[in-house]
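Working notes for the structure below.
Protein chains in written order, with our numbering: chain F, 439 to 654; chain H, 1383 to 1841.
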């Protein structure tokens, strides 16, 4: 689990445009997509569960009842027929703030994000990250939790609560639970696999991302 | 414990404590011809996939063309994978024209382009002379290690390093794991041996482990040195005849299945014959048995056993004959254990322990082999009889020198006696574990019926 990205319920709600309360109700009622719980009790959704809930959400949005949508999901899971690919809208051109202390890691992440069509601003300290956020209002921040001597968690909380920026937390340490508790939408363990980085960024900038700001 | 990946060799994975550490820097060192490039390619082809491509970088030690030419003679080399999941690149020209800085830039571009999960740099040591000043190589190392740590890639740095370089060369401090390929000399003989010096974040099997190179790559024989296993295992409780009348007559309660017996004595006394009686008793009972011999080839042995009405052709008998010349003790022990496992043999004759001792690199290793072998056979309920030739025709000077005399459950001493026209043979049970036996020296004879005790002369 620690090698895979984990998403918070809040991030899922924004990504899929489904209220968190609805996700919790579906979890209790249908018991098909049940996220792992962190020691602190936070729901940790896997990438596969994101796809499963996206599948359900897509069908509900076309008029199917949640129970029928879950029945369909169950059939797909039993038969092994793959779920439809994620219908993530093209958000290339979005600005991503990369807060990374390691120059080599920053170099790779910036390269792969730019390759995927995103604009990238790199900050190597918490102060630079705040200044950059004030100046350009990024759509998403990728934050190394060890930034500026380990002030990444506080930066996550500040970006989320005060500046309303969605955060993908990354770390060499398996501290996804702390990251989600601090307000990060998702967590990835370093070193980052380029496809995983891009797919999580796409998820977080998905169709709900535009709504995230207007919700608040 | 770090996550592991296969080295391409199951036994080597055991030595490494589960495989190569993932997302790590591993140094593979050894003299030219020790098999570094073979192991590196074995690792590459065992792991490369479309999702986890591999990058093999040659430098200035061996031309890429040559690596590929010899590589394709290896059974695991899959030419169809080259250019799909395995990418070979030559850093030699970059190194010549742009030195170490050029290597860093080229490597960064290759990582961006190929997104490899594994990288081999062969040879790493050959890059040393391209540092522009004394601190240049350390700086290069720092940058290279930083770059490789920032990406999910496991890299293998291959180099012709000496044992003492491990303490001196800065790359050894950077490495997360160190595997050294070398040679162990024993008298006029030499063996290839591999040693793991370091695996950061995990355990590994210490000591030297024999290996062989072939077209199938590197075959490793992990040093057979079972630690004392205190876990319970079930010993069979019923006692059975050993099949040797003379021995059964001296063992008051009978013979324990799974027990090990050392039969020591001078040449020609009947040690092998005693072992054959032991084994063929099981064969006649319908059990499976195995003869592991380095003493007589199959033709000679067939002639011997036929005198007693037996045959090596028996369906439930397996013969494992290996010449003692250039015997590879690690390979032999693994072969024997595999044969015991495959046949389900309840009895094994090992003829002789002396041949095995001569092939072992040293006395300590020999003890470890014997201990591990007896431990494993005992746990699976296989009875082992081992012969050992003593140099003295009369009397015994140093039986305690034989490691197996301490480790075996039973020790039987066969001796010549008498200085009359006809030499007689005597049998003494020196030791029996968990049972009682008749003490004293008893005369025995070999007849077509086997080995029987001679009744004591009337007073």
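Backbone N, C-alpha and C fix where the C-beta goes; we use that ideal spot for every residue, glycine too. For clarity, every value in this text was computed on a predicted model and none was experimentally measured.
At least one C-beta of chain F is nearer than 8 Å to the C-beta of residue 1534 (chain H).
According to the DSSP assignment, residue 1677 (chain H) belongs to no alpha helix (DSSP H), since it is labelled neither H nor E.
In the three-state reduction of the DSSP assignment, residue 1837 (chain H) falls in the coil class. A distance below 7 Å between beta-carbons, with the five flanking residues on each side excluded, links residue 1833 (chain H) to the following residues of its chain, in chain order: 1626, 1627, 1628, 1652, 1655, 1656, 1659, 1826. For residue 520 (chain F), no chain H residue has a Cβ inside 9 Å of its Cβ, as the nearest lies near 16 Å away.
Spatial neighbours of residue 1507 (chain H) in its own chain (CB-CB distance under 7 Å, excluding positions within 5 residues in sequence) are listed in chain order as 1541, 1542, 1543.
Per the C-alpha coordinates, the member of F:558, F:629, F:586 positioned closest to residue 1532 (chain H) is F:629.
Bounds of the alpha helix (DSSP H) holding residue 570 (chain F) are 564-574. Every unbroken stretch of the beta strand (DSSP E) spanning 3 or more residues and falling wholly within the region 1729-1781 of chain H is given here in chain order: 1729-1733, 1765-1771.
Close partners of residue 1529 (chain H) in chain F (Cβ separation under 7 Å): 542. Taking 9 Å as the upper bound on Cβ-Cβ separation, chain H lies near residues 540, 541, 542, 543, 544, 545, 546, 547, 549, 550, 553 of the region 540-572 of chain F.
Between the region 1414-1426 of chain H and the region 1475-1482 of chain H, the count of C-beta pairs closer than 8 Å stays below three; the two stretches do not touch. In the same chain as residue 1577 (chain H), and ignoring 5 residues on each side of it, the C-beta atoms closer than 6 Å to its own belong to 1562, 1590, in chain order. The beta carbon of residue 1486 (chain H) sits closer than 8 Å to those of 1522, 1525, 1526, 1529, all from its chain and outside the five residues before and after it, given in chain order.
In terms of Cβ geometry, residue 1581 (chain H) and residue 1393 (chain H) do not form a close pair [threshold 8 Å]. Among the residues facing chain F, residue 1494 (chain H) is included, as its CB has a counterpart in that chain under 8 Å away. Considering only H:1538, H:1552, H:1564, the residue with the shortest C-alpha distance to residue 1545 (chain H) is H:1564. No residue range can be given for residue 1459 (chain H), since it is assigned to no alpha helix (DSSP H) and is classified by DSSP as neither H nor E. The beta carbon of residue 443 (chain F) does not come within 8 Å of any beta carbon belonging to chain H, so the residue lies off that interface. Residue 1504 (chain H): not part of any alpha helix (DSSP H); member of the beta strand (DSSP E) spanning 1500-1504, first to last residue.
With the rule of 3 Cβ pairs closer than 8 Å, the region 606-614 of chain F does not count as touching the region 550-564 of chain F. Residue 536 (chain F) is bridged by DSSP to F:560, F:580. For chain H, none of the residues of the region 466-483 of chain F brings a beta carbon within less than 8 Å of one of its beta carbons. By DSSP's assignment, residue 1643 (chain H) forms a beta bridge with H:1767, H:1792. For residue 1405 (chain H), a Cβ of chain F is located within less than 8 Å of the residue's own Cβ. Taking the CA atoms as reference points, residue 1683 (chain H) sits about 34 Å from residue 1566 (chain H). Note that the C-beta distance between residue 1410 (chain H) and residue 1538 (chain H) is below 8 Å.
Fewer than three pairs of CB atoms, one per stretch, sit closer than 8 Å, so the region 501-519 of chain F makes no contact with the region 537-548 of chain F. When the beta-carbon positions are compared, residue 642 (chain F) and residue 620 (chain F) stay at least 8 Å from each other. Contact of residue 632 (chain F) with chain H by beta-carbon distance below 7 Å involves 1497.
Chain H has no Cβ within less than 8 Å of the Cβ of residue 504 (chain F).
Here residue 1702 (chain H) is bridged, per DSSP, to H:1674.
Pairing residue 1708 (chain H) with residue 1573 (chain H), the inter-Cα distance amounts to about 10 Å. At least 8 Å separates the beta-carbon of residue 597 (chain F) from that of residue 626 (chain F). For the pair of segments examined, the region 1694-1706 of chain H was found not to touch the region 1752-1771 of chain H: the number of CB pairs separated by less than 8 Å stays below three. Note on geometry: alpha-carbon atoms of residue 447 (chain F) and residue 473 (chain F) lie some 9 Å from one another.
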